[in-house]
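Worksheet for the structure shown next.
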Amino acid sequence: MRRSPLSRALLALLGLAVAAVWAFPVYWMLDSALLPNVVLQSTTPTFLPFGGSLDNFAAVVSDPAFVRALSVSLVVTLTTVGAALVVAFLGALAVSRFRFRGRSAFVLALLLIQMLPAEGLFIAQYKMMSSLGLLNRSLALAVLYTAAVVPFTIWMLRGFVAGVPAELEEAAMVDGLSRTQAFLRITFPLLAPGLVASGVYAFLQAWNEFTVALVVMTDEQSRTLPLWLRGFVQASASRETDWGQVMAASTLVAVPVIVFFLVVQGRMSSGLVGGAVKG
Amino acid sequence: MPSRTLDHDPPGSASGPVPAPTRSAAPRRPGSGASRRLPYLLVLPTVLLLLAALGYPVGWQLVTSLRRFGLAQQFGAPPQWVGLDNYAALVSDPTLWGVVVRSVLFCVVTALVTVAVGGAVAVLMNALDRWTRLALQVALLLAWAMPIVAAMTVWIWIVDWRRGLLNWALVHLGVDSAAGHNWLAEPLSFFVVASVVVVWMSVPFVALSIYAGLTQVGQEVIEAAMLDGASGVQRLRYIYAPLVAPVLSIVMLLQLIWDLRVFTQIKLLQDAGSVANETNLLGTYVYQLGTGKGDFGTASAVSVLILLITVALSWYYVRSLMAQES
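Here the protein sequences come in this chain order: A and B. Counting from 1, one number per residue, gives the positions in the first sequence under full-length UniProt numbering. Counting from 1, one number per residue, gives the positions in the second sequence under full-length UniProt numbering.
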């Protein structure tokens, strides 16, 4: 569509302004994280981190509470990713490679369960874990997280499994591979992008989750990273806060998430099995 | 491909980290052939996991919501059956009814604003040239990718009453009363802040989805319409709107569902210094009832209400996904 140069420039300006509004909080987090508290305490905000340093990051990383929360978060997240991938892969195989009685009821149930909010379940989950004596256990949280991500992970993987044609495997068997070999050498590599994407999904969910962690990990020693960040917010209600350190802490939590998110965004859109089978 | 056997995979090789399931969910296993049993074995870990971690809590909640289950019961008194009293309290108890109304209002207003803003951003994106559009998309993706708790800390720092950027900017714009004003102290401004934050978080998904819908509109169609003399408003009204309507309705539905689950945002804003009793929505109220007051009967009834609203809203969306599946 043809537009006059003036209106094009105005549009571009508007677009950049909107972009700035959405990126600003992320920028503000980085900017504040780099500035020392003395600068942040002044009455005028500092918009560019000139003279900034990584001191806030150093302070956060050397805090034993951070290291503890990081290790809890890593254990919970990696357990969730591993368990969710195994359980969901089996489920996805069943759904995409077999027709069986109850199949569509199963899929329907998964889709509905996937929509259920943590808010509608967490008090009962808390009661269950507390009566089992499993509060503050990473395994308990990982089980709840796995259950929360498995339905959508199956839904995601189902597409990838269905995208690998059974004919490929059969052709490899005609060429003399056993069924196991055919699966491991032909189908599995083609599924890798799907497993990566689903794994990243599970990672993001478990790493960011706050609601269920809040009720299951009641002890300060077993906090996950989001709960540890919350500690700063609570402290800010009653006393002066070193916002530079809080922002450095938030940056540390956010960076792996942003990286993973951007990687998957790109990978998902590129072809998955592109050209493996020629019509 | 009907019932393909994948006999390389020893069934039960991965039963998942499930604690001993409380109820057995023995799926039907017609016939005796291994290949007929296999799909059931494959879904077994999922079924057991979901029953233990979600099914049992839902069942417990349904039972408990029909009982008086307060502090006395915590210390061993037998729970009393009270029928639907806990549900009646949803309407008759002014505090509880206030929470319900507030949640629904917050959800509807925030979802409408999100879809309106997201739609506007999508239309803008569609009109931009390549590089500006890319800049806008990157900004949206950054905001989308931010972990929710990290995003909340930044926003709380921005609206901080002592040295936050918001009050500084308002004072510079001539609003002197903003100096040292705590926006989280008053319920109304608290919810405005919460709504702005939720809109900021949700717009990227909405804008990019609607934009994807807009790009489905073929250039030829637009050009033909322009040759026929359709004005910009007419093109929007008669060509874009009908083609984008399905995306728009799905996105609106998802926003309504997601804006009911704002526990994290509300809880953290409350932690930053507001009066929780005046700013509770359904999620935070359940939390307060359960962990604070030990009133699990009422907490369960509210939880069941949350689940029911979600399932009712999700039904249409899930059906459309199922249709796409088969």
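Beta carbons are placed, not taken as given, at the ideal position from N, Cα and C, and that holds for glycine.
Proximity test, Cβ basis, 9 angstroms: residue i and chain B
| i | result |
| --- | --- |
| P25 (chain A) | yes |
| Q125 (chain A) | yes |
| R185 (chain A) | no |
| A197 (chain A) | no |
| Q221 (chain A) | no |
| A94 (chain A) | yes |
| S32 (chain A) | yes |
| L14 (chain A) | yes |
| N208 (chain A) | yes |
| R68 (chain A) | no |
| P151 (chain A) | yes |
| L111 (chain A) | yes |
| G177 (chain A) | A quick correction: the sequence has Leu, not Gly, at residue 177 (chain A). So no, L177 (chain A) is outside the interface. |
Rounded straight-line distance, which links the Cα of residue j to that of residue i
| i | j | result |
| --- | --- | --- |
| V257 (chain A) | V264 (chain A) | 11 angstroms |
| V246 (chain A) | A33 (chain A) | 7 angstroms |
| L48 (chain A) | L142 (chain B) | 19 angstroms |
| residue 294 (chain A) | E170 (chain A) | With chain A running from 1 to 279 in the structure shown, residue 294 (chain A) is simply not present. |
| L195 (chain A) | A88 (chain B) | 47 angstroms |
| R68 (chain A) | P94 (chain B) | 43 angstroms |
| F106 (chain A) | R36 (chain B) | 16 angstroms |
| residue 329 (chain B) | V154 (chain B) | Residue 329 (chain B) lies beyond the residue range present for chain B, which begins at 1 and ends at 326; the question has no answer from this structure. |
| L132 (chain A) | G82 (chain A) | 24 angstroms |
| G218 (chain B) | V255 (chain A) | 38 angstroms |
| A120 (chain B) | L214 (chain B) | 12 angstroms |
| F24 (chain A) | L166 (chain B) | 13 angstroms |
| F98 (chain A) | V150 (chain A) | 19 angstroms |
| G232 (chain B) | P242 (chain B) | 15 angstroms |
| A323 (chain B) | Y317 (chain B) | 10 angstroms |
| L66 (chain B) | A301 (chain B) | 8 angstroms |
| F69 (chain B) | V47 (chain B) | 29 angstroms |
| M125 (chain B) | N280 (chain B) | 37 angstroms |
| I250 (chain B) | L42 (chain B) | 32 angstroms |
| V200 (chain A) | F261 (chain A) | 8 angstroms |
| R4 (chain B) | M173 (chain A) | Its pLDDT being 32, under 50, R4 (chain B) is placed unreliably in this model, and the value from its coordinates should be taken loosely. Going from the Cα of R4 (chain B) to the Cα of M173 (chain A) covers about 14 angstroms. |
| M217 (chain A) | Y145 (chain A) | 13 angstroms |
| L227 (chain A) | R101 (chain A) | 43 angstroms |
| V197 (chain B) | I309 (chain B) | 23 angstroms |
| E186 (chain B) | G164 (chain B) | 17 angstroms |
Min CB distance residue i to chain A below 9 angstroms
| i | result |
| --- | --- |
| P27 (chain B) | The predicted model places P27 (chain B) with a pLDDT of 38, which falls under 50 and marks its position as unreliable, so this point remains unresolved. |
| F190 (chain B) | no |
| P147 (chain B) | yes |
| W183 (chain B) | no |
| D176 (chain B) | no |
| Y40 (chain B) | yes |
| V104 (chain B) | no |
| P21 (chain B) | Because P21 (chain B) sits at a pLDDT of 37, beneath the cut-off of 50, its placement in the model cannot be relied upon, and the following sentence gives the value as read from the coordinates. Chain A contact via Cβ: absent. |
| D228 (chain B) | no |
| M322 (chain B) | yes |
| residue 337 (chain B) | Past the edges of chain B, shown from 1 to 326, lies residue 337 (chain B), and the structure says nothing about it. |
| residue 383 (chain B) | For residue 383 (chain B) there is no data in the structure shown, the boundaries of chain B being 1 and 326. |
| W200 (chain B) | yes |
| D93 (chain B) | no |
| P237 (chain B) | Pro is not the amino acid found at residue 237 (chain B); the sequence shown has Arg there. With 9 angstroms as the cut-off, R237 (chain B) does not count as an interface residue toward chain A. |
| I257 (chain B) | yes |
Nonlocal neighbours in the same chain, by C-beta distance under 6 angstroms from residue i, ignoring five residues either side
| i | result |
| --- | --- |
| V215 (chain A) | F122, Y126 |
| V75 (chain A) | S138 |
| R158 (chain A) | A92, V95, S96 |
Range covered by the alpha helix (DSSP H) that runs through residue i
| i | result |
| --- | --- |
| T79 (chain A) | 64–97 |
| V104 (chain B) | 94–127 |
| H172 (chain B) | 165–172 |
Cβ neighbours of residue i in the same chain (closer than 7 angstroms, five flanking residues each side left out)
| i | result |
| --- | --- |
| M268 (chain A) | With a pLDDT of 46 at M268 (chain A), under the threshold of 50, the modelled position of that residue is not reliable, and the figure given next carries that caveat. Correct list, in chain order: A197. |
| G290 (chain B) | F296, A299 |
| L96 (chain B) | A89, L90 |
Proximal residues to residue i (C-beta, below 8 angstroms), its chain only, five neighbours per side dropped
| i | result |
| --- | --- |
| S250 (chain A) | M29, A33, L229 |
| T22 (chain B) | With a pLDDT of only 37 at T22 (chain B), under the threshold of 50, the placement of this residue in the model should not be trusted; the figure read from the coordinates follows. Excluding sequence neighbours, T22 (chain B) sits near L51, A52, Y56. |
| P205 (chain A) | Rather than Pro, the amino acid found at residue 205 (chain A) in this sequence is Gln. Once the five neighbours on either side are set aside, the close Cβ partners of Q205 (chain A) are T80, Y145, A148, V149. |
beta-carbon residue i near the ligand MG non-hydrogen atom, thresh 8 angstroms
| i | result |
| --- | --- |
| P5 (chain A) | Summarising the ligand content, the structure contains no ligands, and the ligand MG is consequently not present. |
| request: Assess, as a yes-or-no matter, whether the stretch 147–159 of chain B is touched by the stretch 232–241 of chain B under the definition of 3 or more beta carbon pairs within less than 8 angstroms. | output: Because the criterion of three Cβ pairs below 8 angstroms is not met, the stretch 232–241 of chain B and the stretch 147–159 of chain B do not touch.
| request: For the stretch 51–83 of chain B, enumerate the residues whose C-beta is nearer than 8 angstroms to any C-beta of chain C, in chain order. | output: Given the protein chain composition of this structure (A and B), no chain C is represented.
| Would you call the stretch 178–189 of chain B and the stretch 256–273 of chain B in contact, with 3 or more CB pairs under 8 angstroms? | Judged by Cβ distances under 8 angstroms, the stretch 178–189 of chain B makes contact with the stretch 256–273 of chain B, as three or more pairs qualify.
| message | Below 8 angstroms, how does it come out for the stretch 279–290 of chain B and the stretch 70–85 of chain B: are there three or more Cβ pairs, yes or no? | response | No: the two stretches stay apart, fewer than three of their Cβ pairs being nearer than 8 angstroms.
| Does the count of Cβ pairs from the stretch 145–160 of chain A and the stretch 181–189 of chain A closer than 8 angstroms reach three? | They do not touch, by the three-pair rule.
| Three or more C-beta pairs below 8 angstroms linking the stretch 230–248 of chain A and the stretch 53–73 of chain A | Proximity of the stretch 230–248 of chain A to the stretch 53–73 of chain A meets the contact definition, three or more beta-carbon pairs being nearer than 8 angstroms.
| query | Counting Cβ pairs closer than 8 angstroms, one from the stretch 111–119 of chain A and one from the stretch 304–320 of chain B, do we hit at least three? | reply | Yes, since at least three Cβ pairs between the stretch 111–119 of chain A and the stretch 304–320 of chain B fall closer than 8 angstroms, the two stretches touch.
| So, do the stretch 13–24 of chain A and the stretch 121–137 of chain B have three or more beta carbon pairs nearer to each other than 8 angstroms? | Touching, yes, given that three or more Cβ pairs across the two stretches are closer than 8 angstroms.
| task | Determine, using beta-carbon pairs with one atom in the stretch 190–209 of chain B and one in the stretch 219–231 of chain B, whether at least three such pairs fall under 8 angstroms. | result | The stretch 190–209 of chain B is not in contact with the stretch 219–231 of chain B.
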